[in-house]
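Working notes, structure below.
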Amino acid sequence: MTVLQQDLEDMRMAAIAKALGHPARLRILRLLARTPGCIGGDIVEAVGLAQSTVSEHLRILKEAGVIEGQIDPPRVCYSLSPGALQPLSTLIEALDVIRSETDCCVTPAKAQG
0 MTVLQQDLED MRMAAIAKAL GHPARLRILR LLARTPGCIG GDIVEAVGLA
50 QSTVSEHLRI LKEAGVIEGQ IDPPRVCYSL SPGALQPLST LIEALDVIRS
100 ETDCCVTPAK AQG
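All residue numbers for the sequence shown refer to numbering that gives the first Met the number 0, where the first residue is 0 and numbers rise by one.
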């Protein structure tokens, strides 16, 4: 992977992470995982927020590529985007392995031990 490709991938993952950074958006994602093809009005009812607020959260999730919206006038049917979270999941897994396998810092207790 070139540096430019890595930079683009990092920017994409940062956008996804930012989109996941709100509790209401996490509730929406859990709802969509349980009920694929959820209609916007059903999401509003399940999440318990104003329609305009839910619409904004859906817009952010959609812009980040985490969800998809299928227009079926007069409604929009939402679902999770297949594989959208995989790059972020892979990064988190890699960082967790690195953290657990490396002992780069010597704490006073280790130095005396």
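Where is the CB? At the ideal position from N, CA and C, for every residue including glycine.
What did DSSP end up calling Leu87 once you bin it into helix, strand or coil?
Position 88 of the sequence shown, counted from the start, is the residue given in the question as residue 87. In the structure shown, Leu87 sits in a helix (DSSP, three-state: H, G or I).
Contact between the segment 2-21 and the segment 47-63 is defined here as three or more beta-carbon pairs at a separation below 8 Å; is this criterion met?
yes
Take the Cβ of Ala63 as the centre, count every other Cβ of all protein chains shown within 10 Å, and call the residue buried at 16 or more, exposed below.
The count along the sequence shown starts at 1 and reaches residue 63 at position 64. Classification for Ala63: buried.
Selection from Asp95, Gly40, Leu84 that minimises the alpha carbon distance to Pro72
Start at 1 with the first residue of the sequence shown, and residue 72 comes out as number 73. Among Asp95, Gly40, Leu84, the Cα nearest to that of Pro72 belongs to Gly40.
Among all the DSSP beta bridges, which residues are the ones paired with Gln69?
Here residue 69 refers to the residue found at position 70 when the sequence shown is read from its first residue. Answer is Cys76, bridged to Gln69.
C-beta contact flag for Tyr77 and Ile70 at 7 Å
Sequence index remark: in the sequence shown, residue 77 carries index 78 (1-based). Sequence index remark: in the sequence shown, residue 70 carries index 71 (1-based). No.
Cβ shell of Ala14 (< 7 Å), same chain only, five flanking positions each side left out
Position 15 of the sequence shown, counted from the start, is the residue given in the question as residue 14. For Ala14, where only same-chain residues beyond five positions count, the Cβ hits under 7 Å are Ala63.
Please name the residue in Ile27, Ala32, Arg33, Leu84 whose C-alpha comes closest to that of Ile42.
Here residue 42 refers to the residue found at position 43 when the sequence shown is read from its first residue. That would be Ile27, whose Cα lies nearest to the Cα of Ile42.
Out of Thr1, Gln5, Met12, Val2, state which residue places its alpha-carbon closest to the alpha-carbon of Gln85.
As a first step, residue 85 is located in the sequence shown; it is residue number 86 there, counting from the start. Checked all of Thr1, Gln5, Met12, Val2; the closest Cα to Gln85 is Met12.
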